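To start, the structure itself, in structure tokens.
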Amino acid sequence: MSENVIIIGAGCAGYTAAIYTARANLTPLVITGSQIGGQLTTTTEVENFPGFPEGIMGPDLMFRMQEQAEKFGTRFAYEDVISVIKDESTGLFTIKTSSQEYQSKTVIVATGASARYPDIEGEEKLIGHGLTACATCDGAFYRDVPVAVVGGGDSACEEAAFLTRFASKVYLIHRRDTLRASRIMAERTLANEKITPVWNSVISGYITDDKGEVDGAILTDTRTGATSELPLKCVFMAIGHTPNSSFLGDLVDRDSAGYIMRTPGLMATKTPGLFAAGDVADPHYRQAISSAGMGCSAAIEAERYIMGH
Ligand SMILES: Cc1cc2nc3c(=O)[nH]c(=O)nc-3n(C[C@H](O)[C@H](O)[C@H](O)COP(=O)(O)OP(=O)(O)OC[C@H]3O[C@@H](n4cnc5c(N)ncnc54)[C@H](O)[C@@H]3O)c2cc1C
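If you're matching positions, the sequence shown starts at 721 in my numbering and goes up one per residue.
Okay, structure coming up:
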């Protein structure tokens, strides 16, 4: 028997799609992958999700979303999807995990995008403790203290400019001696008095305080190999994201950075019945609330697709 909707991913987009499709009586199945609750389970306080004026811990918010989806009859399979194919003659999708195969009339892909980190020793433990990849999310926690952005592209420049609203000083650490951001963005960044470029440098280690929070970075000069210490309270990585969509093969088109391309204004992809929501299809915002919004839209589009077929 085929499912109506299979939602791949259990983050803000996946859970919201589940709430909507469950309330539409489509009895969705969510295949969660290994990170149940998604990226927000890796952070502490979330202050910008509407409805929580006092803030809410990331894992608590995601647990509440899961509970809400369950309340309306969502089912969960705690597995990783390894491939999705569509049978054009039946119009059904086959979703394969390591242990079984499912069939579904529609699929909502909500698998997120993983921020890239350079693989420095001890890094994993510091994510959320002075190491992050989201200035919009965490910038406001670092007021009147020095911080750094790592990267040299447009995103790094945008993050650095945003952080000047809070931090006492923003170091822009880049492995080369020129930015690869667009010219106007590079000029604006270098003209900003609060931003200090640190050229030809990479972070090779972190200094932590007695609470385990970042207290400084160890820099290595990419030309000489010489090391130095830079006191700071938070490092914002801006070296790109990897959207998690490789298991979809050619069912979707991707932009140059790997994000799933959607029909403009919709969550539909080039394959009828396959929808994409959240960070995996969003090179611009990558926020909890925007992902949730996309999950809602994808659910409504999936429901209409089923009604029309
Ligand atoms: C440290 C940190 C702090 C953040 N703080 C904030 C904040 O304060 N405010 C804010 O708005 N945003 C914040 N964000 C961003 C926010 O977490 C994301 O925008 C949001 O989680 C994206 O939701 P999503 O549902 O698209 O994907 P994700 O949350 O990334 O969820 C992806 C889901 O897909 C699953 N998955 C992946 N691959 C597979 C597969 N092959 N098969 C099955 N399942 C799969 C994963 O297991 C996971 O359940 C933060 C992010 C991080 C990393």
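Cβ atoms here follow ideal geometry from the backbone N, Cα and C, with glycine treated the same way.
Predicted model only: the values in this text are computed from it and were never measured.
With respect to the 8 angstroms criterion, Ile915 and Val890 are classified as neighbours on the basis of their beta carbons. The Cβ atoms of Ile938 and Thr928 do not sit closer than 8 angstroms to each other. Per DSSP, the beta bridge partners of Glu949 are Ile938.
With a cut-off of 7 angstroms, the C-beta of Gln755 is classified as near ligand 1, since at least one heavy atom of the ligand falls inside that distance. Membership of Ile893 in the beta strand (DSSP E) is indicated by the continuous run 889-893. Note that the region 787-802 touches the region 748-760; at least 3 beta-carbon pairs, one per stretch, sit closer than 8 angstroms.
Non-local C-beta neighbours of Met782 in its own chain, meaning closer than 6 angstroms and more than five positions away in sequence, comprise Gly757, Leu760, Thr761, ordered along the chain.
Cβ-Cβ distances below 8 angstroms link Arg974 to Pro963, Ser965, Ile980, Met981 in the same chain, with the five nearest sequence neighbours on each side left out; the list follows chain order. Per DSSP, the unbroken beta strand (DSSP E) holding Ala868 starts and ends at 866-870. Secondary structure note for Thr814: its beta strand (DSSP E) is the uninterrupted segment 812-817.
According to DSSP, residue pairing for Pro963 in a beta bridge involves Ala833. Cys732 is not a Cβ neighbour of Ser921, given a cutoff of 8 angstroms. For Thr916, the enclosing beta strand (DSSP E) starts and ends at 915-918. The Cβ-Cβ distance between Asp874 and Ser902 falls below 8 angstroms. For Tyr822 and Val725, the gap between their C-alpha atoms comes out near 11 angstroms.
Using a 10 angstroms sphere on the CB of Ser1017, the tally of other CB atoms reaches 16 or more, which defines it as buried. Exclusion of the five residues before and after His849 leaves Gly932, Glu933, Val934 as the residues of its chain whose Cβ lies within less than 7 angstroms of its Cβ. By the criterion of a C-beta distance shorter than 8 angstroms, Asp999 is surrounded in its chain by Gly731, Ala733, Gln759, Gly832, Ala833, His961, Pro963, Arg1006, Ser1011, once the five residues flanking it on both sides are discounted.
For ligand 1, no non-hydrogen atom lies closer than 7 angstroms to the CB of Arg836. Secondary structure at Tyr735: helix, using DSSP grouped into helix, strand and coil. Counting the other CB atoms within 10 Å of its CB gives Lys825 a total of 16 or more, which places it among the buried residues. Proximity to Pro984 across Phe995, Ala977, Ser976 peaks at Phe995, based on C-alpha coordinates.
By a beta-carbon distance limit of 8 angstroms, Gly872 does not contact Leu851. Their separation comes to about 19 angstroms. Placement of the Cβ of Gln788 at a distance of 7 angstroms or more from every heavy atom of ligand 1 is found.
Each residue's CA atom was taken as its position, placing Ile815 and Val804 some 5 angstroms apart. Collapsing the DSSP output to three states places Ser1011 in a helix.
The three-state reading of DSSP puts Cys854 in coil, since its state is none of H, G, I, E or B. Straight-line measurement puts the Cα of His1004 at about 23 angstroms from the Cα of Ala1022. The C-alpha of Val801 is placed about 7 angstroms away from the C-alpha of Ser818.
Counting other Cβ atoms within 10 Å of its Cβ, Lys791 stays below 16 and is therefore classed as exposed.
Of the other Cβ atoms in all chains shown, fewer than 16 fall within 10 Å of the Cβ of Thr810; this residue is therefore exposed. Each of Ile1020, Leu883, Thr991 was checked against the Cα of Glu808, and the nearest Cα belongs to Thr991.
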